[in-house]
Amino acid sequence: MTPALPLALALGLAAADPPASTSAVEGPAEPSSEAPADPKPPTPRLRLAHGLAGAAIPLFVTGSGIAVHASSEIDETLNRNVRLCVGAAAQECRDALVGDFELRAVGLGLIGGSIGLAAAALTADLEAPRRAWLIELGIGAGLAAGGVVWLGVNTAQTNAVFHDTGVTEADWTGMRDSLGSLPHQRSAATLFVGAGAGLLVGSIAGLLVERARTRRARLTLRPSLTWREGLMSLSLRGRF
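In structure tokens form, the structure reads like this:
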């Protein structure tokens, strides 16, 4: 009767073995029914940053093209053969220089404006506080005012040089020497005016956006649901 014990143990061990895996016939995983979350719309300040940056790019490109073209014309006129700018042609050469000076001033003013707008766009993108807009407003006003004063002084000095220039070769050569750094000073002055104007426009726009955002936050209504002594009440609270 002893061989029955090993047989019973073998049957018990066989019965205790885990069942074979049944994962051979499994269907594909069910796709998730959750829709992807919609991206958050850009905030008003972010839209302002994009708008200011978008305006600064064409200003910079246009201003650079104008300034480069005008500078080449100025160099050509100043380095022209002196004999071509004496006598009856003296006034023509002076007029050409004045026109090129003004054209280059316009180009550099546009470049300055693009710099001011780009600085304001950076302020909007960084979500800077309202104080930053006020600081930029003051800087822009100072740059614009200082540039206008500098431009006025430079115009008077340049006109004096042209007015005192005669029609001889010596006069034309002396005029070129008398101009000195006046053309470059005029360029810097217009750059300041443009940068100040760009900062003024950008900071004013930023303050308006900030004011509208603050006003909307104050006008927000907040519902309040309360239950007291078997009665339910609904109240609206807000700042006006």
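Following the working numbering, the numbering of the sequence shown begins with -2 at its first residue and continues without gaps.
All residues carry an ideal CB built from backbone N, CA and C; glycine is no exception.
In this structure, 52 is the residue among 58, 52 and 167 with its C-alpha nearest to the C-alpha of residue 198. Burial is judged here by how many other beta carbons sit within 10 angstroms of a residue's own beta carbon; residue 62 has fewer than 16 and is exposed. Contact between the stretch 165 to 175 and the stretch 75 to 94 is established, with three or more Cβ pairs separated by less than 8 Å.
Distances from the alpha-carbon of residue 73 to those of 83, 94, 185 and 153 put 94 closest.
Residue 99 and residue 174 have their C-alpha atoms roughly 20 Å apart.
Taking all protein chains shown into account, residue 149 has fewer than 16 neighbouring C-beta atoms within 10 Å of its C-beta and is therefore exposed. In the three-state DSSP reduction, residue 151 falls in the helix class (H, G or I). Per DSSP, the unbroken alpha helix (DSSP H) holding residue 90 starts and ends at 87 to 122. Under the three-state reduction of DSSP output, residue 156 falls in the helix class. The criterion of a C-beta distance shorter than 9 Å is satisfied by residue 140 and residue 113. Rounded to the nearest angstrom, the gap between the Cα atoms of residue 194 and residue 110 is 6 Å.
In this model, residue 70 and residue 96 are separated by some 10 Å (Cα to Cα). Residue 89 and residue 83 have their C-alpha atoms some 9 Å from each other.
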